[in-house]
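Here's the structure, in structure tokens; my notes come after.
Numbering (the working numbering), first residue to last: 86 to 469.
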């Protein structure tokens, strides 16, 4: 009996010696954690991953019962170059990523999964979170102007209709996705002039027909945005305000961070302007959140939600080359601006995504979303 117990103990010790846990920590060039990075584990001499997982909000991923011996870890993250490193009998590994050059930018829109731009075979451009912070766009139409191949037309001033034209197609031929939720109106129409981009981490612009991946309304392009994921162990509070002429005021605040398996980002933005003409004011308020949880080593859950409410004055056509006098067919008309017409858009969207990383390269994503748009136009009826 004692011999049997000794034999079983030796076997259990041998098995434990052949397998151990491995923790991989992924950092950016400034030593900040990189959440959501895809980490792949390979055996020596194999090109097929034995395990795939994504980093938590603190930039770590934990592999259990990893065989001892020569291993290789590869990390893929949007905006960073692919990084690989050999692992030999180590319990913890830290990998510092470098920024990707243009040919190594990771894209999601072109293939629905993370892939390098030069491997996607698609015409794609993107704006990073740092670039958006530099541009400081009031709405999406301000940012899209900086992307090659995007022709943006805006009617009027702030709050006016913002339309996107790509490769000679109509403005209704663009698929627009915000935090995983399609936001086009029936028929493809979308107003880029009232879509705020505060706390957006990335904007991707995919040119060309993409109906095979996104449906019949993606005939000329796909525009996709993602809100920022919190990644700092210490809560990060950002707030500020600025102002300009014509009664322009802008205030914003966000609270983001990560703790263990959880990450969070709660944000809000308020923009107001009185405009340069009568009934030319515009205001837009935004509230949103991006919450994530690492359920275990192979499953993660993410909730994204945002609400924005915009109101703009509609003065109609009244200023013709500096005058409000219009002559048609020999008759002269005096046209006055509409001083009480208002256009309002109230948007709410939320999405819940469960990501499952199976063995090898098997990945599954189960998502559900809700999107509500209320558009109203208010104008008083005058009676003589």
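Note that CB positions come from ideal geometry on N, CA and C, so glycine has one too.
For residue j and residue i, the rounded distance between their alpha carbons
i           : j           : result
residue 290 : residue 274 : 17 Å
residue 107 : residue 159 : 14 Å
residue 224 : residue 351 : 19 Å
residue 348 : residue 389 : 12 Å
residue 147 : residue 294 : 40 Å
residue 453 : residue 372 : 20 Å
residue 177 : residue 287 : 30 Å
residue 152 : residue 341 : 37 Å
residue 117 : residue 314 : 13 Å
residue 397 : residue 382 : 48 Å
residue 379 : residue 457 : 28 Å
residue 247 : residue 230 : 11 Å
residue 375 : residue 312 : 7 Å
residue 301 : residue 272 : 10 Å
residue 303 : residue 213 : 23 Å
residue 282 : residue 362 : 26 Å
residue 239 : residue 157 : 51 Å
residue 400 : residue 437 : 40 Å
residue 249 : residue 114 : 35 Å
residue 354 : residue 125 : 38 Å
residue 417 : residue 366 : 29 Å
residue 448 : residue 268 : 25 Å
residue 162 : residue 179 : 15 Å
Neighbour-count burial assignment, residue i, 16 or more Cβ in a 10 Å radius
i           : result
residue 434 : buried
residue 188 : Model confidence at residue 188 stands at a pLDDT of 48, short of 50, so the residue's coordinates are unreliable and nothing is read from them.
residue 440 : buried
residue 173 : exposed
residue 259 : buried
residue 150 : exposed
residue 319 : exposed
residue 451 : exposed
residue 464 : exposed
residue 410 : exposed
residue 253 : exposed
residue 395 : buried
residue 143 : buried
residue 256 : buried
residue 127 : buried
residue 211 : buried
Residue i in three-state terms, based on DSSP
i           : result
residue 152 : strand
residue 211 : strand
residue 165 : strand
residue 106 : strand
residue 219 : helix
residue 115 : coil
residue 371 : strand
residue 171 : strand
residue 459 : strand
residue 176 : coil
residue 378 : strand
residue 183 : coil
residue 362 : coil
Rounded distance between the beta-carbons of residue j and residue i, thought under 8 Å
i           : j           : result
residue 217 : residue 285 : 6 Å
residue 462 : residue 423 : Going by Cβ atoms, the distance from residue 462 to residue 423 rounds to 11 Å, so no, they are not a contact pair.
residue 141 : residue 387 : Not quite, the Cβ-Cβ distance comes to about 12 Å (not below 8 Å), so this is no contact.
residue 164 : residue 134 : Actually they do not touch by this definition, with Cβ atoms about 22 Å apart.
residue 171 : residue 155 : 7 Å
residue 242 : residue 332 : Contact flag wrong, Cβ pair sits at about 12 Å.
residue 368 : residue 357 : 5 Å
residue 442 : residue 138 : 5 Å
residue 264 : residue 391 : 7 Å
residue 305 : residue 251 : 4 Å
residue 279 : residue 336 : Not really, about 18 Å apart at Cβ, beyond 8 Å.
residue 426 : residue 460 : About 14 Å; that fails the 8 Å criterion.
residue 292 : residue 208 : 4 Å
beta-carbon residue i near the ligand SAH non-hydrogen atom, thresh 7 Å
i           : result
residue 387 : Looking at this structure, you won't find the ligand SAH or any other ligand, since it has none at all.
Which whole runs of the beta strand (DSSP E) in the segment 295-357 are 3 residues long or more, in chain order? 306-312, 321-329 and 333-344
Just to confirm the assignment: which complete beta strand (DSSP E) runs, minimum length 3, are found wholly within the segment 381-456? 384-398, 410-413, 416-419 and 427-442
In chain order, which continuous runs of the beta strand (DSSP E) of length 3 or greater are located wholly inside the segment 123-148? 123-128 and 134-139
Tell me the start and end of each unbroken beta strand (DSSP E) in the segment 222-310 that is at least 3 residues and wholly inside, in chain order. 236-239, 247-250, 259-263 and 285-292
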